[in-house]
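Working notes, beginning with the structure itself.
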DNA sequence: GCTTGTGAACACCTTCACAGCG
DNA sequence: CGCTGTGAAGGTGTTCACAAGC
C-alpha cells in the first residue's frame, strides 16, 4: 500500500522531532519528534483565548521538571531553586527560569520556588489536569506493551481501548482490556470518549488507520509507524520512530570510534 | 556536557527527540527528546580525517530520506529529485538539498539524484554499513516488544541479547532469543560483541544498569527509562520518553480545544 | 546575602532566492 | 529549461551576565 495520498497539496505544518526527539521518538520524539524526532507538529496561535504559546523545546523540558518535582514531593521537599531543579532535570538553570517565566509562574527572589505550586502551574499549562483517554490502535507487541505501560496511567492518561484488525487477536485479553475490532472504531471512540489515538501498526496500514481516527473525531495522534503521515489542519500528530533513534545512535557511535 | 532534550526528542526524539527528542522515540527518543538527547559528548571535529559533523536535525531527516529512497528502490525508480524526495519525506526541498550537500553527495544539476547512489552515501555517512549488535536490558513488555521489532533488523541492527534480572523471566524464550541473566552481562557483551545497549527497565533501576553497560564497554545507549541518566564523556546516550510524548500531545490537544 | 527574571549576545536551523551548471 | 548547490536573510532556541528584589 502506498504511503502518501496526493490529496492535500498544502503541506501540513507538521513534522519533528525528536525526535527527536523528539523526539520528541524520538522525541517521538515521542517523541517526540523530536523528534523527535525532530520537530513536532505545531498549531498556529489558537485564537487569543487564553493560550500562552509554549515553544516545543520548552514543553519537552517542562515534562522533565514535572518528573523531578514529583520526586521532590515524594521526598517531602517543599521548596527548590532553579539550580537544584535544573540539575535534577538535566538542564541549564537559566533556561529553566526562562521556561517557568513563560508560564507566568512566580518564584521568590532569594528563595526559590514552592514545589507544589510549580507542579500545579506546569500541570495546568500542559493540560494535564484533564483526564485523557487513549485508544491504542494495533495490538501487536508494541501495542500490548504500551497498553500496560505504567507511565501512562500515572499522569492522567487512561488507556480506554485497544483495537486490532486481526481476527486472531480480537477478543483476546491484555491486562484488563479486551482487544476490540478496528471496524467498530467509530462506536468505541464514541462510547469511551477517547481523545487521543496511538498508532502502533505496520507502516503500510498507518495512513488509513490515521484517517479513520481523524474521521472518528480524534484530533491528537501519537504514531509509532515508520512512515510520514498526513493529517488535516486541526489535528496534532506526533511521531516516535524507533528505527530512526537507533540510526542516529549508530551515527554517533561511529564518530566515537573513528 | 549537555544532558537531555527529549525525544524525540528526540528529545524526543526521541526526544525529542527531541525525542526527540525526538523523538524524538523520541522518539524511540529517543526522542526526546527528545529525545533525544544532547549533543552528548562534544566531539572535536576530527580534523580532516574523514569525519564530517552532521547537525542533529540533519541526522533525523537523513533517516527519513533513507526510508523514502528505500521505497523508491522497491518501486524500481532509479532517479529522483529534491522536490519529489522532499515531498515523500515530508520536508522542504531546500533543506533536503542542504542536508545532502553536507554529505558531499553530488546530484546532477538539471537532472536530480541517483537513488542507489544516495542510499549508499547516506548509509555510509550514518554508519549503517557496519553491523550493529544490540543488547536489550529489561525483558518486560517493552523489552520483549523491542526484541521482536522488525524495523531494527531491517537496517543492520541485530538484537543479540535480551537480559533481565527477574528469575521468573530469565530462561524464558522470546522470539528466537532466550532471556539471560543480567548478572552475566559482562560475559554476554563480550561473547556477542554487542555495541549498542537498549534500556527498557523501570526508572529506579536505569542508572545502575546504565553504569553496568558502560563498564562492560558499551558506549551507545538508547534509554526508554523515564529518568535523567548520567553517562561519562565518550558515551552516547539517547532517550525516548513515552510519557513525555503523550504529555506534549496533551498540551497541543488542549490548545486545539480552547 | 541569595535567587529570580530578563535583555542582549550568541549559536543553530530553516527558508528564500538565485546563481551555476548539466 | 530544469534542478542542484549555496549565500544571505529570517527564525527559533540557548547561554550569558546582571539588574531587581526578597
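Chains as they are written, first to last, in UniProt numbering: chain B, 1 to 258; chain R, 1 to 258. We put the beta carbon where it would ideally sit given N, CA and C, even for glycine.
#1: Once DSSP output is grouped into helix, strand and coil, what is the label at residue 196(B)?
#2: Determine, using beta carbons only, whether residue 247(R) comes closer than 8 Å to chain B.
#3: Which residues in chain R have a C-beta closer than 8 Å to the C-beta of residue 236(B)? List them in chain order.
#4: Which ranges would you report for the beta strand (DSSP E) in the stretch 87-156 of chain B if only whole runs of at least 3 residues count?
#5: Would you mind telling me which residues of chain B sit closer than 8 Å to residue 311(R), beta carbon to beta carbon, in chain order?
#6: Determine, using beta carbons only, whether residue 271(R) and residue 235(R) come nearer to each other than 8 Å.
#7: Measure the C-alpha to C-alpha separation of residue 79(B) and residue 115(B) and round it to an integer number of angstroms.
#8: Ends of the alpha helix (DSSP H) at residue 248(R)?
#9: Which class does residue 81(R) belong to by DSSP, given the choice of helix, strand or coil?
#10: Taking C-alpha atoms, which residue in 179(B), 70(B), 67(B) and 101(B) lies nearest to residue 347(B)?
#11: Tell me which residue opens and which closes the beta strand (DSSP E) that residue 59(R) is part of.
#12: Report the residue from 130(R), 248(R), 61(R) and 141(R) whose alpha carbon sits nearest the alpha carbon of residue 238(B).
#13: Report the residue from 183(R), 224(R) and 192(R) whose alpha carbon sits nearest the alpha carbon of residue 199(R).
#14: At the 8 Å Cβ level, is residue 212(R) part of the contact set with chain B, yes or no?
#15: Could you check whether the Cβ of residue 243(B) sits closer than 8 Å to any Cβ belonging to chain R?
#16: State the beta-bridge partners of residue 238(R) as determined by DSSP.
#17: Determine whether the beta carbon atoms of residue 64(B) and residue 91(R) lie at a separation below 8 Å.
#18: Would residue 246(R) and residue 222(B) qualify as a contact pair, given that the criterion is a beta-carbon distance under 8 Å?
#19: Alpha carbon to alpha carbon, how far is residue 112(R) from residue 22(R)? Give it in angstroms, no decimals.
#20: Of all Cβ atoms in chain R, is any one closer than 8 Å to the Cβ of residue 136(B)?
#21: Beta-carbon of residue 240(R) versus every beta-carbon of chain B: anything under 8 Å?
#22: Is the shortest distance between the beta-carbon of residue 28(R) and the beta-carbons of chain B less than 8 Å?
#23: Per DSSP, residue 164(R) forms a beta bridge with which residues?
#24: Along the alpha helix (DSSP H) that carries residue 229(B), what are the first and last residues, could you check?
#25: Taking Cβ positions only, does residue 141(R) come closer than 8 Å to chain B?
#26: To the nearest angstrom, report how far apart residue 108(B) and residue 84(B) are at their CA atoms.
#27: Relative to the alpha-carbon of residue 195(R), which residue among 173(R), 185(R), 71(R) and 132(R) has its alpha-carbon at the smallest distance?
#28: Contact criterion: CB-CB distance below 8 Å. Does residue 89(R) meet it with respect to chain B?
#29: Using a Cβ-Cβ distance under 8 Å, would residue 148(B) count as near chain R?
#30: Looking only at its own chain, which residues have a Cβ that is under 6 Å from the Cβ of residue 232(R), when we skip the five neighbours before and after it?
#31: Would residue 144(R) pass as an interface residue toward chain B - the criterion being a Cβ-Cβ separation below 8 Å?
#32: Rounded to the nearest angstrom, what separates residue 68(R) and residue 250(R) at their Cα positions?
#33: How big is the Cα-Cα spacing for residue 208(B) and residue 129(R)?
#34: With distances taken from CA atoms, which of 176(R), 172(R), 100(R) and 154(R) is nearest residue 55(R)?
#35: For residue 137(R), is the classification buried or exposed, using 16 other Cβ atoms within 10 angstroms of its Cβ as the cut-off for buried?
#36: Residue 69(R) CB to nearest chain B CB: under 8 Å?
So, from the listed chains and residues:
#1: strand
#2: yes
#3: 249, 252, 253 and 256
#4: 132-137
#5: The requested residue 311(R) does not occur in the structure, where chain R is confined to residues 1 to 258.
#6: Shown here, chain R extends from 1 to 258; a query on residue 271(R) therefore has no answer.
#7: 5 Å
#8: 242-257
#9: coil
#10: It is not possible to answer for residue 347(B), since the shown part of chain B is limited to 1 through 258.
#11: No beta strand (DSSP E) holds residue 59(R); the alpha helix (DSSP H) holding it covers 56-74.
#12: 248(R)
#13: 224(R)
#14: no
#15: yes
#16: 222(R)
#17: no
#18: yes
#19: Residue placement at residue 22(R) cannot be trusted, given a pLDDT of 31 that sits under 50; the coordinates are not used to answer.
#20: no
#21: yes
#22: Reliability fails at residue 28(R), whose pLDDT of 29 lies under 50, so the model's placement of it is uncertain and no value is given.
#23: 181(R)
#24: Per DSSP, residue 229(B) belongs to no alpha helix (DSSP H) and is neither H nor E.
#25: yes
#26: 15 Å
#27: 132(R)
#28: yes
#29: yes
#30: none
#31: yes
#32: 30 Å
#33: 33 Å
#34: 100(R)
#35: buried
#36: no
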